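**Q** This is the structure I want to talk about, given as structure tokens.
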Amino acid sequence: MTRTIVESKTKTAIIGFDQPFCVIGERINPTGRKKLAAELEAGDFSTVEKDALAQVACGATMLDVNAGVVYNSNPNPNETEPPLMTKMIELVQGLVDVPLCIDSSVPAALEAGLAAAQGRPLLNSVTGEEERLELVLPLVKKYNVPVVAISNDDTGISEDPEVRFAVAKKIVERAADFGIPAHDIVVDPLVMPIGAMATAGLQVFALVRRLRDELGVNTTCGASNISFGLPNRHGINNAFLPMAIASGMTSAIMNPCALPTPLSRIAEKKAELAAAGVEVPADMDDETFCKLFGLGSREAQPGGEMTAIRAANFLTDNDPSGGEWIRFNRPAGAAGEGRGGREGGRRRRRA
1 MTRTIVESKT
11 KTAIIGFDQP
21 FCVIGERINP
31 TGRKKLAAEL
41 EAGDFSTVEK
51 DALAQVACGA
61 TMLDVNAGVV
71 YNSNPNPNET
81 EPPLMTKMIE
91 LVQGLVDVPL
101 CIDSSVPAAL
111 EAGLAAAQGR
121 PLLNSVTGEE
131 ERLELVLPLV
141 KKYNVPVVAI
151 SNDDTGISED
161 PEVRFAVAKK
171 IVERAADFGI
181 PAHDIVVDPL
191 VMPIGAMATA
201 GLQVFALVRR
211 LRDELGVNTT
221 CGASNISFGL
231 PNRHGINNAF
241 LPMAIASGMT
251 SAIMNPCALP
261 TPLSRIAEKK
271 AELAAAGVEV
281 PADMDDETFC
291 KLFGLGSREA
301 QPGGEMTAIR
311 AANFLTDNDP
321 SGGEWIRFNR
331 PAGAAGEGRG
341 GREGGRRRRR
351 A
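Numbering (full-length UniProt numbering), first residue to last: 1 to 351.
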């Protein structure tokens, strides 16, 4: 059975077909986050710290760390990204004990992260491009780490699943030439947006099954890509993830946290209550208010995708006896019992 071992200094994560689904937290990434990018250039790591702690609290198995900031003061990432990656890796592993995924398109930043990381991190990533293979695979071998293999090459990203499978096979074979075993290759077959390609879901499910059955490799993906550009993205993601897991996908790079309730929504609700003559105590904090009126939370809490993943783990027998599912769904304040079991220490009787 294929098992990919990833380690921090104190904790081991196993990606495998017979293991619970591995959630790789994606939030420590400045791509598309102007505020975070500006903070990192200014040497402010407060958001990185917050995101690291929140993702682990919400159930992330591993954390992806990406230092891809293009500085206004120096637009050369080959100079700026390696020292930033070192700083971020050292900071994050000082805060949390989960294994890390070192994410960069800059080979020098990948090596800087590998040198700073404790344990056995996952390297993200290598592609089928010849230059990338020659730069990254020696690092994988040198540091004896697993690597994410993305199914695109010098011709770009193909919409043809046969081509994407062929690229994955090529990477696995080239890795073998370097003495890197297939169990240390985690293939990203590339999830296309279903809003742009109606068969995107069917394609990735078929690809994952082939990668498992024919190449014997573990798989990952950017889970939210499937719903890009569509309304109610969480609804699509919540359906996609269990279906991907049932097809054999063993990990995903994703956000495990629900979005916090906006302060504007809290203000709107308070205005509605005031208009209805309902007086809210002046000393009630926002979190209590959110819980009292069903507005979610201002604090980090697992998103719906995490519920779907935990259910899928249970249904695929990767949560023995449903212990994790019961623990996760136990009402606050309950002692030793989950939902649907005992209430008040007594088993419910059927009428």
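Glycine is no exception: its CB is placed at the ideal position from the N, C-alpha and C atoms. Keep in mind the model is a prediction, meaning the values are calculated, not measured.
1. Can you say whether leucine 133 is buried or exposed, counting buried as having 16 or more other CB atoms within 10 angstroms of its CB?
2. Please check the pair glycine 248 and arginine 310, which I expect to be a contact at CB under 8 Å, by giving their CB distance rounded to whole angstroms.
3. Which residue marks the beginning of the alpha helix (DSSP H) containing glycine 25, and which one marks its end?
4. Whose C-beta lies closer than 6 Å to the C-beta of glutamate 7 among residues of the same chain, with five residues either side of it excluded?
5. If you follow the alpha helix (DSSP H) that leucine 110 is in, where does it begin and where does it stop?
6. Should the stretch 68-84 be regarded as contacting the stretch 101-109, the criterion being three or more beta carbon pairs within less than 8 Å?
7. Using the C-alpha atoms, what's the distance from alanine 300 back to leucine 273?
8. Return helix, strand or coil for asparagine 74, following the three-state DSSP convention.
9. Under three-state DSSP, which class holds serine 251?
10. Is isoleucine 24 closer than 9 Å to methionine 254 when the C-beta atoms are compared?
11. Beta-carbon separation of phenylalanine 21 and alanine 258 under 9 Å?
12. Where do the ends of the beta strand (DSSP E) carrying glycine 120 lie?
13. With H, G and I counted as helix, E and B as strand and the rest as coil, what does DSSP make of phenylalanine 289?
14. Can you tell me whether glycine 235 is buried or exposed, with buried defined as 16 or more other CB within 10 angstroms of its CB?
15. Let me make sure I understand the geometry here. Which of Met192, Ala13 and Lys9 has the alpha-carbon closest to that of serine 251?
16. So methionine 197 is in the beta strand (DSSP E); what residue range does that whole segment cover?
17. Using DSSP with H/G/I as helix, E/B as strand and the rest coil, what is valine 187?
18. Thinking just about the alpha-carbon of each residue, which of Ala200, Cys221, Pro189 and Glu130 is nearest to the one in leucine 211?
19. Please identify the residue among Glu131, Val217 and Lys11 whose C-alpha is closest to the C-alpha of threonine 4.
**A** This is what the structure gives:
1. buried
2. With a Cβ gap of about 18 Å, glycine 248 and arginine 310 do not count as contacting.
3. It is not in any alpha helix (DSSP H) - glycine 25 instead sits in the beta strand (DSSP E) that spans 22-28.
4. So the list reads Pro99, Gly119 and Arg120, once near-sequence residues are dropped.
5. For leucine 110, the enclosing alpha helix (DSSP H) has its first and last residue at 107-116.
6. yes
7. 26 Å
8. DSSP places asparagine 74 in coil when its eight states are reduced to three.
9. strand
10. yes
11. Contact flag unset, no.
12. The sequence given here has arginine at residue 120, not glycine. No beta strand (DSSP E) contains arginine 120, which DSSP labels as neither H nor E.
13. helix
14. exposed
15. Ala13
16. Here methionine 197 belongs to no beta strand (DSSP E), and DSSP marks it neither H nor E.
17. strand
18. Pro189
19. For threonine 4, the nearest C-alpha among the options comes from Val217.
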